[in-house]
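Student:
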Amino acid sequence: MLIWGLCVIYRTLGRGVFFCRRCGGDREYRHRAGRRYVTVFFIPLIPLMKTGEHVQCLTCKIRYVTEVLKLPTTVQMQLAHVAGMRAVVAIMLRAGDPASPIARRRALEAVTGTGDKSYDEDALETDLAEPADTARPKISALGAQLQIEAREWCLAEAIRIAMADGPLTGAERAAAEHLAGALGMTQAQAIGVIALTEQNTVLSPGGNDPPGAPKSRKGFAPP
Ligand SMILES: [Zn+2]
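Counted from 1, the sequence shown has number 1205 at position 200 by the working numbering; the numbering is strictly sequential.
This is how it looks when you write it as C-alpha cells:
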C-alpha cells in the first residue's frame, strides 16, 4: 500500500538583519520561499505550487510578508537621525555666525543628544565645509522618520542654536523656513514653531547661557 502525503519544503533566499515588531528590536532573519510537494512514503516527490515568500525572525520565529524588509532597522534609523541633525546644525550655523562659541556648543549638544557622543568640534568643522546641497536629502530622510511633534522639536532645536548668540537674523529665519520645508513641514507649521521658539527663548545680552553653564548673578558672583 502506498502512503501519500503533502509537505512544504522551504529554501533560504537570503539572511540579514531587520526590525522585528514582535521582538521590538533589530533581529536576524531568513528570507524563505516554499513549495508544496506530494510525498510518497514521506519522501517529497512531486512538486506542486509555490507557497510564497516570507521573512522569519530567527529569535521569535514569527513570519512576516517580505515588505517588512523595506522598513529601516533601529540602527539605520539612528544613523539617519544623526546624519540629519548634523545637516540641520550645519545649515543653521552657516546662516548665522559659524564662529560663535556659544552657538557651536549648542550645535554640538543637539547632535550628541541624538546619540552620537563622539561628535566634536572637528566633526562640526567638517560638516560646515560640506556643500549645502548635500544636506537636504539627509534632512528629508530625517523628517520622513519623525512624527510631526518630533519635526517641530527638531526645528526648534535649530532655532535655539541660531538664537544662542542673539535674536534671529533674516538669514537665520530664512534658513529655519528652509529647514522646515526639508523636514516635511508646511509653511504655517514653520511660522508657528519659529514664533513659539522665539517667544520661549529668553535672550541675554551676551547670548544665552547653555544649560549647565556657570551663571553669574548679582549676589552669587564670585568676589
Ligand atoms: Zn522577532
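Backbone N, C-alpha and C fix where the C-beta goes; we use that ideal spot for every residue, glycine too.
DSSP beta-bridge partners for I1166?
Tutor: Within the sequence shown, numbered from 1, the residue matching residue 1166 stands at position 161. I1166 pairs with nothing; no bridge assigned.
Student: Go to I1048, then tell me how far its alpha helix (DSSP H) extends in each direction, as first and last residue.
Tutor: Translated into the one-based positions of the sequence shown, residue 1048 becomes position 43. Element bounds for I1048: not the alpha helix (DSSP H) but the beta strand (DSSP E), 1048-1062.
Student: Can you list the alpha helix (DSSP H) stretches of 4 or more residues lying completely in the segment 1069-1142, in chain order?
Tutor: 1079-1100, 1106-1117, 1126-1134
Student: With a Cβ-Cβ cutoff of 9 Å, do R1040 and L1050 count as a contact?
Tutor: Along the sequence shown, one-based indexing puts residue 1040 at 35. Along the sequence shown, one-based indexing puts residue 1050 at 45. Contact flag unset, no.
Student: Give the secondary structure of L1147 by DSSP, where H, G and I count as helix, E and B as strand, and everything else as coil.
Tutor: By one-based count along the sequence shown, residue 1147 stands at place 142. The answer is helix: DSSP assigns L1147 an H, G or I state.
Student: Can T1064 be considered in contact with ligand 1, in the sense that its beta carbon sits closer than 8 Å to one or more heavy atoms?
Tutor: Indexing the sequence shown from 1 puts residue 1064 at position 59. T1064 Cβ: within cutoff of ligand 1.
Student: Once DSSP output is grouped into helix, strand and coil, what is the label at G1189?
Tutor: Translated into positions along the sequence shown, residue 1189 becomes position 184. Looking at G1189 - three-state DSSP - the assignment turns out to be coil, as it is neither helix nor strand.
Student: Quick one: is L1098 buried, meaning 16 or more other Cβ sit within 10 Å of its Cβ, or exposed?
Tutor: Start at 1 with the first residue of the sequence shown, and residue 1098 comes out as number 93. When all chains shown are included, L1098 counts as buried.
Student: Cα-Cα, which of Q1081, R1026, V1070 is closest to A1146?
Tutor: The residue you call residue 1146 lines up with position 141 of the sequence shown. Closest by alpha carbon: Q1081.
Student: Quick one: residues in its chain with C-beta nearer than 6 Å to the C-beta of A1100, no 5 flanking neighbours on either side, listed in chain order?
Tutor: In the sequence shown, residue 1100 corresponds to position 95, counting from 1. Closer than 6 Å at Cβ, skipping near neighbours: A1176, E1177, A1180.
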